[in-house]
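Novice: Dropping the structure in here first, questions after.
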Amino acid sequence: MSATEAHVESAPKSITVSPLAVDIGAEISGVDLSQPLSEEQRTEIWDAFNTWKVIFFRDQKLDKASFVAMSRHFGELNRGHNIHTPDPDHPEIYQVVRGRQKGRLTGVPAFDPWTGWHTDLTPAINPPTASILWGDVVPPYGGDTQWTNLAAAYDALSPTMQGIIDDLRGVHTYMTYAGVTMTQDLRDRIAANQKTTEHPIVRVHPETGRRALWVSPKFLQEIVGLSPTENEAMLAMLKSHAVRPEFTLRFKWTSGSVAMWDNRSTAHLAPIDIQRTDYDRQLYRTTLVGDIPYGVDGQKSKSLEGTPLLAA
Ligand code: SIN
19 MSATEAHVES
29 APKSITVSPL
39 AVDIGAEISG
49 VDLSQPLSEE
59 QRTEIWDAFN
69 TWKVIFFRDQ
79 KLDKASFVAM
89 SRHFGELNRG
99 HNIHTPDPDH
109 PEIYQVVRGR
119 QKGRLTGVPA
129 FDPWTGWHTD
139 LTPAINPPTA
149 SILWGDVVPP
159 YGGDTQWTNL
169 AAAYDALSPT
179 MQGIIDDLRG
189 VHTYMTYAGV
199 TMTQDLRDRI
209 AANQKTTEHP
219 IVRVHPETGR
229 RALWVSPKFL
239 QEIVGLSPTE
249 NEAMLAMLKS
259 HAVRPEFTLR
269 FKWTSGSVAM
279 WDNRSTAHLA
289 PIDIQRTDYD
299 RQLYRTTLVG
309 DIPYGVDGQK
319 SKSLEGTPLL
329 AA
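Each residue of the sequence shown is one higher than the one before, starting from 19 at the first, in my numbering.
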């Protein structure tokens with residue numbers, strides 16, 4: 019069933035859901051996220067989230083406290099980040115502010131090494147179920163975020179390739195970046211919080227049962243059981259397939275926008291273009307505590323290093 023058919027089958031009553039692309043993304047209107055949500059609103063928002071993978075709200079009047087409160091409507095929250103210092107007053111918030119790595123990295127080439135297509139925190143055994151990002155200060159242009167639907171990417175593979183990858187597993191870890199020098203402080207933080215996990219390459223969604231090509235491009239380092247040459251070719255193919263334009267959506271932020279994405283079936287790309295402007299960009303992120311992924315064969319992910327992500 020396509021996302022569009024699913025949407026038509028279950029038209030919501032308490033909110034308006036406006037799809038933005040055939041396979042991914044919908045804008046939700048008719049809801050004020052600064053106020054408590056009714057059970058009907060919460061359920062219908064969650065249904066839209068499961069169908070469209072990333073949903074957006076516009077013109078929300080939030081502050082950090084109400085952002086945390088609205089995030090809690092959808093589940094228990096993680097600590098803001100397991101490497102970077104969380105917001106001092108709101109430990110659930112990770113501040114996605116421009117220049118947050120300034121002074122920590124030197125020798126940075128023409129791009130910000132913290133970006134790149136990724137699914138949030140997949141080096142952990144329990145990556146978040148969802149991430150919620152509130153745009154407070156946004157640039158007048160530039161700074162867009164992109165998402166890709168990894169379930170659509172899986173569906174578009176040939177049955178033969180699906181059969182080859184269905185029971186494969188991959189190793190996800192935080193990596194170092196060529197051409198980048200980190201301060202000792204950052205090195206120490208990464209070393210103290212390093213996480214490495216073997217996850218299924220094809221993740222089965224715990225709510226919908228849909229399969230996703232769960233290749234978090236920045237964090238997936240190798241496929242278990244393949245030779246180095248096979249790994250190189252297979253990873254290059256799967257990672258480029260996962261982000262083909264037809265599975266993706268590009269979102270233009272306005273102040274007061276909120277994006278909420280299903281980390282179990284998407285990857286996303288933070289912008290690098292604003293580094294070449296003087297515009298500010300301040301976004302705030304919360305993540306919902308996740309469960310342990312499992313694959314087509316039912317086998318769960320296996321931690322190879324480090325501890326699970328902690329609730330706030
Ligand atoms: C993120 O990767 O969670 C942040 C995305 C963004 O800055 O657009």
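A virtual CB, placed ideally from N, CA and C, is assigned to each residue, including glycine.
Computed from a predicted structure; not experimentally measured.
The beta strand (DSSP E) spanning H108 covers which residue range?
Specialist: Counting along the chain, H108 falls outside any beta strand (DSSP E), and DSSP gives it neither H nor E.
Novice: May I ask which residues mark the beginning and end of the alpha helix (DSSP H) holding S258?
Specialist: Looking at the DSSP string, the run of the alpha helix (DSSP H) that includes S258 is 246 to 260.
Novice: Would you mind sorting T61 into buried or exposed? The rule is 16 or more other CB atoms within 10 Å of its CB.
Specialist: Per the 10 Å Cβ criterion, exposed.
Novice: Please state if the CB of L328 and the CB of L151 are separated by a distance shorter than 7 Å.
Specialist: Not in contact: L151 and L328 (Cβ atoms no closer than 7 Å).
Novice: Give me the Cα-Cα distance between L256 and R205, rounded to the nearest whole angstrom.
Specialist: So the two alpha carbons sit approximately 30 Å from each other.
Novice: How would you call G125, buried or exposed, if buried means at least 16 neighbouring beta carbons within 10 angstroms?
Specialist: Residue placement at G125 is poorly supported in this model, since its pLDDT is 43, which falls under 50; the coordinates are not used for a value here.
Novice: Give the range of the alpha helix (DSSP H) segment to which K82 is assigned.
Specialist: Per DSSP, K82 belongs to the alpha helix (DSSP H) from 82 to 90.
Novice: When the distance is taken between beta carbons, is E45 closer than 7 Å to F74?
Specialist: The answer is yes: Cβ separation under 7 Å.
Novice: Looking at the unbroken beta strand (DSSP E) that takes in N167, where does it start and where does it end?
Specialist: Here the beta strand (DSSP E) through N167 covers 163 to 167.
Novice: Once the 5 residues before and after P146 are set aside, which same chain residues still bring their CB inside 8 Å of it?
Specialist: Excluding positions up to five away in sequence, the list reads N96, D138, L139, N281, T305, L306, V307, G308, L327.
Novice: Between P158 and T178, what straight-line distance do the alpha-carbon atoms span, to the nearest angstrom?
Specialist: Those two C-alpha atoms are separated by around 46 Å.
Novice: Tell me, please, whether the region 70 to 86 touches the region 269 to 283 by the rule of three or more beta-carbon pairs shorter than 8 Å.
Specialist: With a cut-off of 8 Å, the region 269 to 283 and the region 70 to 86 count as touching, because enough Cβ pairs lie within range.
Novice: Short of 8 Å in beta carbon distance, which residues of its chain neighbour T325, apart from the five on each side in sequence? Order them along the chain.
Specialist: Cβ neighbours of T325 beyond the five flanking positions: K213.
Novice: What residue range is occupied by the uninterrupted alpha helix (DSSP H) comprising D206?
Specialist: Here the alpha helix (DSSP H) through D206 covers 202 to 210.
Novice: If you reduce the DSSP assignment to three classes, tell me which class N68 lands in.
Specialist: Reduced to three states, the DSSP call for N68 is helix.
Novice: Please check the pair G160 and D291, which I expect to be a contact at CB under 8 Å, by giving their CB distance rounded to whole angstroms.
Specialist: So it is a contact: roughly 5 Å between Cβ atoms.
Novice: Please report how far the alpha carbon of N68 lies from the alpha carbon of R262, in whole angstroms.
Specialist: Spanning the two alpha carbons is a distance of roughly 21 Å.
Novice: Output the residues surrounding the ligand SIN, defined as those with a CB atom closer than 5 Å to any ligand heavy atom, in chain order.
Specialist: Cβ atoms closer than 5 Å to the ligand SIN belong to V114, T163, A288.
Novice: CB-CB under 7 Å to H217, same chain, minus the five flanking residues each way: which ones, in chain order?
Specialist: T140, R187, G188, H190, W232, P311, S319, listed in sequence order.
Novice: Flag L186 as yes if its beta-carbon sits less than 7 Å from any beta-carbon of chain D, otherwise no.
Specialist: The structure shown contains no chain D; it is built from a single protein chain.
Novice: Going by C-alpha to C-alpha distance, which of F265, R76, H108 sits closest to V40?
Specialist: For the residues F265, R76, H108, the minimum Cα distance to V40 belongs to F265.
Novice: If you check the beta carbons only, do E57 and S32 fall under 7 Å apart?
Specialist: It is not a contact, given that the beta carbons lie outside the stated cut-off.
Novice: I'd like to confirm the pairing. Which residues does DSSP put opposite D280 in its beta bridges?
Specialist: DSSP lists A148 as partners of D280.
Novice: Helix, strand or coil for G153 per DSSP?
Specialist: G153: strand per DSSP, three-state reduction.
Novice: Around the C-beta of D315, are 16 or more other C-beta atoms found within 10 angstroms, so that it is buried, or is it exposed?
Specialist: So D315 ends up on the exposed side.
Novice: Which of helix, strand or coil does DSSP assign to P311?
Specialist: Looking at P311 - three-state DSSP - the assignment turns out to be coil, as it is neither helix nor strand.
Novice: Assuming W165 and I63 form a contact by the criterion Cβ under 8 Å, report the distance between their Cβ atoms to the nearest whole angstrom.
Specialist: In fact, because the Cβ distance is near 17 Å, the residues do not count as touching under 8 Å.
Novice: One question on the structure: do K82 and S52 come within less than 7 Å of each other, judged by their Cβ atoms?
Specialist: No, Cβ-Cβ distance for K82 and S52 is not below 7 Å.
Novice: Short of 7 Å in beta carbon distance, which residues of its chain neighbour S234, apart from the five on each side in sequence? Order them along the chain.
Specialist: So the list reads H136, T137, T140, H190, A285, once near-sequence residues are dropped.
Novice: Please report the straight-line C-alpha distance between G121 and K236, rounded to a whole angstrom.
Specialist: Summary for G121: the model assigns pLDDT 47, below 50, so the residue's position carries little reliability, and this model does not support an answer.
Novice: With V220 and Y172 assumed to form a contact (beta carbons below 8 Å), what rounded beta-carbon distance in angstroms separates them?
Specialist: Confirmed, Cβ separation roughly 6 Å.
Novice: Applying the 10 Å Cβ sphere with the 16-neighbour rule, what's the burial state of V242?
Specialist: Exposed, because fewer than 16 other Cβ atoms sit within 10 Å of the Cβ of V242.
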